[in-house]
Amino acid sequence: MTDPYYKSRYVWDNDREVVWKEIVRYLSSFLPIDGTVMDIGAGYCDFINNVNSKNRIALDYSPDLKNYAKEGVRIVNSSVTDMSAVGDATVDVVFASNLFEHLSDGELETTMGEIKRVLKKGGRLILMQPNYRLSYKTYFDDHTHKKVFSDVSLETFLLSHGMEIELKKPKFLPFSLKSRPSFIPVFPVLIRAYLNSPWKPLAGQMLFIAKLSK
Numbered sequence: 030m031t032d033p034y035y036k037s038r039y040v041w042d043n044d045r046e047v048v049w050k051e052i053v054r055y056l057s058s059f060l061p062i063d064g065t066v067m068d069i070g071a072g073y074c075d076f077i078n079n080v081n082s083k084n085r086i087a088l089d090y091s092p093d094l095k096n097y098a099k100e101g102v103r104i105v106n107s108s109v110t111d112m113s114a115v116g117d118a119t120v121d122v123v124f125a126s127n128l129f130e131h132l133s134d135g136e137l138e139t140t141m142g143e144i145k146r147v148l149k150k151g152g153r154l155i156l157m158q159p160n161y162r163l164s165y166k167t168y169f170d171d172h173t174h175k176k177v178f179s180d181v182s183l184e185t186f187l188l189s190h191g192m193e194i195e196l197k198k199p200k201f202l203p204f205s206l207k208s209r210p211s212f213i214p215v216f217p218v219l220i221r222a223y224l225n226s227p228w229k230p231l232a233g234q235m236l237f238i239a240k241l242s243k
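Using the working numbering, the letters of the sequence shown correspond one by one to residues 30 to 243.
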């Protein structure tokens, strides 16, 4: 990525591919094979490249998006506040990882409006992002963080926008790959075990799955 933020804070890491394959495996029951899944703020396309759904969309403002999206992924170069390239009620699942905390109040409201517009009735919003309650010591090490969300405030935010909480995991993953002690290898079986374990050492990320009310 040529964006200065990616160069300084979100550098490429080969271990990410291993982790994201397991995350997609974990979420697979929520990702319809014959449906449409859209990754907003897609970045390196770690998530959407591993999804097996019939229609896949990667949305990000970065012009480098085309260098990371795999064949078969539709590329939309746009801000998350403008999803006009995507039709009304055409998406089954919108996914966002570490996105909402980077948006201002106004941007967040506009983005939620766009998410609800593109989702089909009963469609899902899947969110992964830092849980401030667990990661307050390092939360603002990222200078671009504008919003604070805990598992409590994110739930009330989603409910206030007409979403029904389908799954809530306050402890899901470590805050970042950098949070992992260097002596712990990144093996698929270990990632899978962590995702399915009730014991979450170093957890700093939360997972929410919410449905658009019918």
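For every residue, glycine included, the Cβ atom is placed at its ideal position computed from N, Cα and C.
Classify residue i as helix, strand or coil using the three-state DSSP reduction.
i    : result
K50  : helix
A239 : strand
S113 : coil
D75  : coil
G135 : helix
S251 : Residue 251 falls outside the range modelled here, since the chain spans only 30 to 243, and no answer is possible.
A87  : strand
R45  : helix
G233 : strand
W228 : coil
Please confirm whether residue i and residue j have their CB atoms less than 8 Å apart.
i    : j    : result
I238 : L196 : yes
V102 : V115 : no
V80  : V48  : no
V109 : T65  : no
E138 : P159 : no
C74  : Y97  : yes
K50  : P199 : no
L88  : D68  : yes
L187 : I194 : yes
L241 : G151 : yes
V177 : Y161 : yes
L128 : G191 : no
M157 : S205 : no
Just curious, the alpha helix (DSSP H) that residue i is in, first and last residue?
i    : result
N225 : 217-225
Between which two residues does the beta strand (DSSP E) harbouring residue i extend?
i    : result
I69  : 65-69
V105 : 102-106
Can at least three beta-carbon pairs, one atom from the stretch 50-62 and one from the stretch 108-126, be found at a separation below 8 Å?
-> yes
Sequence ranges, beta strand (DSSP E) only - wholly within the stretch 139-207, length at least 3 = 148-159, 192-203
For the stretch 181-194 and the stretch 217-234, state whether three or more C-beta atom pairs, one from each stretch, are separated by less than 8 Å.
-> No: the two stretches stay apart, fewer than three of their Cβ pairs being nearer than 8 Å.
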